[in-house]
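Residue numbers (the numbering used here), protein chains in the order written: chain L, 38 to 694; chain X, 2 to 617.
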């Protein structure tokens, strides 16, 4: 094609005419329009696809996070997790969207331009490409440093975001202790540090890109030097030289874009590694929610448990609870009551063979079934910023308003509902802040009562409820329970009085059990075991320590193949688009390359046709005319010289900045 | 609030001006840097303009054999072709390198400026959040505020670097270019400006829509972020109710909505960019066509046309970059608006202009006919009169929702009463500075807030107390024993919600934190509700010592803890029902004595006996 254009040029210059100028102008217009249209589609397809991928990844990540075991969540900070899910994800999107688009563009334009150059003049091509090794080394170094610094920056951002999150959600405490000024100072200090790190990376990029430009400049100078001498020696014609120079200019952009791509790619992969740490955590297995709800007696046998590497919290616990019983767990704070309940709920994993529900090991009971069968009211109440009714209906999304209301009434919320402006439709603040402590607890209770689960766990659920209200609620719960098995943790006698059986825990052991009312001698629903006589088992071997999560190993690992595969699998649905995008990219590159030639042609025509220019014509050389016009005008119009490349780069970068 | 497109009002031009003005206000402290960046950018453009000259010299002089331009005569007068060629090659390298250097400095300075602005804005917003009252925070979601602090503040950089900077340089270029070009060929210069009216038209027509879509899309993102933040924060609850799938489905629908909005925005943006590109292409073609004719007519030199075209590129470049990034610019603007919206909220609890620091007080507290309601308008306190003498210990008792915690919050001035007043030593709380007040009032909140850091730092909470003091406070709260048993003792890092700790342990940490402060007035909101009676007994023995001589308000449900107070105040329905000492109230045979008889054994020490009974 370039030859064709050259031939046209050569023939045109013999018979120039204004008509041809008009044709050239029309061609410029047409090419610009074509370029715009192609650009439109490239952008629409690739940016759109990368957004799709980003959103899909985010949804997957969210689902993954919700399935991670409590053990994992205990160690993580919400602000940090959020920062990875948002901030790092967007760096990854930049890698797969603009990054890939740019890389493809670079490769296509680069290949075509180099081929054309080689056809025009192999020697000059070698001269021009002599800078390549330097570009490669510089890019390699920059890539490595970028990766390292960007990882550090993202980590720091996470840190800031996590501390801001804790500050905002702990705002009441910050107020109560008058620590606002200190908090603000600390935040400012962290931000300064963050800025410093960011600027470190900016400095690197600010050095790299001009260096690349300087290298390109050296290339140009080399071509000019060698080319000029060749022309002088008569080994090269001026038109060929001009043609070559045009192609070389087309290469400036890909060379710079390459650095940009490497930059995006390194940032993306640094962020990807941080996200991979989330992915690497083992989620709870997805189990079938089908099948009958577990029922029957609950047996705990020789249960010993410790959190992570801490000392055992529970030691040799054994007990059996018959259905329909109300069991009170009492004991000092820290005696292991809440831990025992967490194990029953499998919020922590009990060791195999220690807890059986209806004859089936708890670890073999599918979690969804277990969660439906065993419902807990935890010590701390969490309310979503939603209506009171929706907060109650969490455990049973399909519940009718009447059912929700009945649960609310049973939980003793009746008098409160009357004072709320919109009753159950009242929006409660994020942490239900405008509700009093007792109201929050009763909302949590209503949530549990709505589920109709056969096992109900009340973990100190009345600590902020006054005794009279508590009395009424417990009566209501018992009246409706029927065969419901209820576990109560409480420090109040008034609560414990409602239990059929009392289990006393002391320092992680069952210290005693008995009937709170000292009545019903014929019934022994609970058999305690493992009292003081049980052997002490402090050894780590006897302690249930759940397997270590592989998150630590995931850290610092390089670019994981499995993860790359996962990334690619996300792109699979869009491979049609990707193919189309490549074709479009190719066409766009061709348009890009043809533009300067036609512009040059127009100017050549003007130049060679006028016989009496106002300022005196530069002499023409050999058979063809006018290199000067085209080589000067071409960069001015559509060839990217550094200034226009920067505008191009920002245009391509889409939402990067 | 769900963002809807209907609810969004496209901002008026005055608002835009105000927003830009305000953003520039954040730019002002960093003016030297910013102007340096702009200057260097200009220098870079200048160098770009000069850059083709060596090539032209080679083509014209070395190859074409023309004479050297006059300005080069003194320098290269006697130099041969090879020399000129070498000179040209060298100057290309030098020009590119200095162009590069200018870019380094310009890029660095502009990024630096942007980062500084973001930093200032973020800290300002964060500081403002510290000043806004709990009334505000009650209405907000942590995630939404977090999004504003962490993401929206970035918009300052985006707006300046992607929007203002290219637009400003474009405007400068426009003026300069017109001046230079008019010198050569007025007609052509005017033609170059032909693109302006259609561009203006396109921008005003489409940018409003883009801005609206960008705002809605940003709101949707923020809402999604808030949703995710609160769900992940409550993951225990979600898992306990087996609601993972439901939560994911909700997230997905929010995410789909956000995606649709964002794609819509980018489609509009692309259409806009297409229009702008087309206008610019027409402009370029018109200039080439007319310029060529002028050259044919001999009115213009070929070199001059080249200069025109080269300037045109420099002019159109920034316009193009703005039009291609308009979605981001609009989104930045929407983000900034979100930041300013919060910054514009006046704290409703703030120091009065005449506020003075509260002098050291003896702790004489008075509530005078205090009325209070939260935002829902339901009265929580309806005319409370209460006087607490210095050193007196008062227990607040009452059913849930009676207004006990609210009454205590008023004393810490978390809220201001709607009617009546609260005084300490005769100073109305509204006349003293909030900081000086809270330094003299210690509040232990009902909910135990712990931070992701060591036990020591959780107790010290930023105050420069020695390890020994921290340990003593922990001992008094009966927390020392269990802390020592933790793997790293006081250096154990606890999770955000302290979830490896039991409720009672968390409560004792919070108590230790409160006990570490030595303020003359202490409010303890259910300090021991999660403790067994035995531990509670021991805690109270220490706390009693510590509180001696201080004014204390203790909110409790247990009669056993209430009993210890000098005076018991029974609240119900926002009013004081009964008050007096334990014995007085028993003698009165009112609500209190009825409670005492139905739930106590007459001694208030319930559980130890129970424990003895069941374990015996």
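Ideal Cβ positions, reconstructed from N, Cα and C, are used throughout, including at glycine.
Around the Cβ of residue i, are there at least 16 other Cβ atoms within 10 angstroms (buried) or fewer (exposed)?
i, result
"residue 353 (chain L)", "buried"
"residue 433 (chain X)", "buried"
"residue 176 (chain X)", "exposed"
"residue 558 (chain X)", "buried"
"residue 547 (chain L)", "buried"
"residue 419 (chain X)", "exposed"
"residue 666 (chain L)", "Because the pLDDT of residue 666 (chain L) is 35, which lies under 50, any placement of that residue in the model is unreliable, and the number read from its coordinates should be weighed accordingly. Residue 666 (chain L) comes out buried."
"residue 272 (chain L)", "exposed"
"residue 29 (chain X)", "exposed"
"residue 309 (chain L)", "buried"
"residue 221 (chain L)", "buried"
"residue 664 (chain L)", "Any reading at residue 664 (chain L) is ruled out, since the residue's pLDDT is 34, under 50, leaving its predicted position unreliable."
Who pairs with residue i in a beta bridge, going by DSSP?
i, result
"residue 398 (chain L)", "L:393"
"residue 388 (chain X)", "X:367"
"residue 365 (chain L)", "L:525, L:539"
"residue 568 (chain X)", "X:395"
"residue 580 (chain X)", "X:570"
"residue 380 (chain X)", "X:374"
"residue 422 (chain X)", "X:369"
"residue 445 (chain X)", "X:525"
"residue 357 (chain X)", "X:433"
"residue 424 (chain L)", "L:464"
"residue 494 (chain X)", "X:455"
"residue 492 (chain L)", "L:411, L:522"
"residue 343 (chain L)", "L:349"
Taking 7 Å as the limit between beta carbons, can you name the residues of its chain near residue i, skipping five residues before and five after?
i, result
"residue 18 (chain X)", "none"
"residue 172 (chain L)", "249, 252, 292"
"residue 594 (chain X)", "586, 587"
"residue 48 (chain X)", "96, 99, 100, 103"
"residue 441 (chain L)", "426, 429, 430, 461, 487"
Give me, in chain order, the residues of the same chain whose beta-carbon lies closer than 6 Å to that of residue i; leave out the 5 immediate sequence neighbours on both sides.
i, result
"residue 329 (chain L)", "none"
"residue 301 (chain X)", "186, 295"
"residue 333 (chain X)", "156, 159, 160"
"residue 165 (chain L)", "256, 260, 285"
"residue 554 (chain L)", "Any answer about residue 554 (chain L) is weak, because its pLDDT of 41 lies below 50 and its placement is not dependable; what the coordinates show is given next. So the list is empty, once near-sequence residues are dropped."
Assuming residue i and residue j form a contact by the criterion Cβ under 8 Å, report the distance between their Cβ atoms to the nearest whole angstrom.
i, j, result
"residue 98 (chain X)", "residue 45 (chain X)", "That belief does not hold up - the Cβ atoms of residue 98 (chain X) and residue 45 (chain X) are roughly 12 Å apart, past 8 Å."
"residue 124 (chain X)", "residue 97 (chain L)", "In fact, because the Cβ distance is near 35 Å, the residues do not count as touching under 8 Å."
"residue 350 (chain X)", "residue 435 (chain X)", "7 Å"
"residue 573 (chain X)", "residue 400 (chain X)", "6 Å"
"residue 534 (chain X)", "residue 528 (chain L)", "6 Å"
"residue 406 (chain L)", "residue 236 (chain X)", "No, residue 406 (chain L) and residue 236 (chain X) are not in contact; Cβ-Cβ is about 20 Å, not under 8 Å."
"residue 239 (chain L)", "residue 450 (chain X)", "About 37 Å; that fails the 8 Å criterion."
"residue 136 (chain X)", "residue 383 (chain X)", "That belief does not hold up - the Cβ atoms of residue 136 (chain X) and residue 383 (chain X) are roughly 19 Å apart, past 8 Å."
"residue 211 (chain X)", "residue 273 (chain X)", "7 Å"
"residue 241 (chain X)", "residue 498 (chain L)", "At roughly 13 Å, the Cβ-Cβ gap does not stay under 8 Å, so residue 241 (chain X) and residue 498 (chain L) are not in contact."
"residue 389 (chain X)", "residue 366 (chain X)", "4 Å"
For residue i, I'd like the list of residues in its chain whose CB is within less than 8 Å of its CB, leaving aside the five on either flank, ordered along the chain.
i, result
"residue 619 (chain X)", "Nothing about residue 619 (chain X) can be read from this structure; chain X reaches only from 2 to 617."
With a cut-off of 8 Å, do at least 3 Cβ pairs link the stretch 294-306 of chain L to the stretch 176-195 of chain L? yes
Okay, do the stretch 118-135 of chain L and the stretch 259-273 of chain L touch, 3+ Cβ pairs below 8 Å being the bar? no
Does the contact criterion of 3 or more C-beta pairs under 8 Å hold for the stretch 442-451 of chain L versus the stretch 475-485 of chain L? yes
Do the stretch 94-112 of chain L and the stretch 197-208 of chain X meet, that is, are 3 or more Cβ pairs less than 8 Å apart? no
Would the stretch 124-142 of chain X and the stretch 274-282 of chain L be scored as touching if the rule is three or more Cβ pairs under 8 Å? no
Quick test of the definition: if touching needs 3 or more C-beta pairs under 8 Å, does the stretch 213-223 of chain L touch the stretch 460-468 of chain X? yes
Three CB pairs or more closer than 8 Å across the stretch 517-530 of chain X and the stretch 437-444 of chain X: yes
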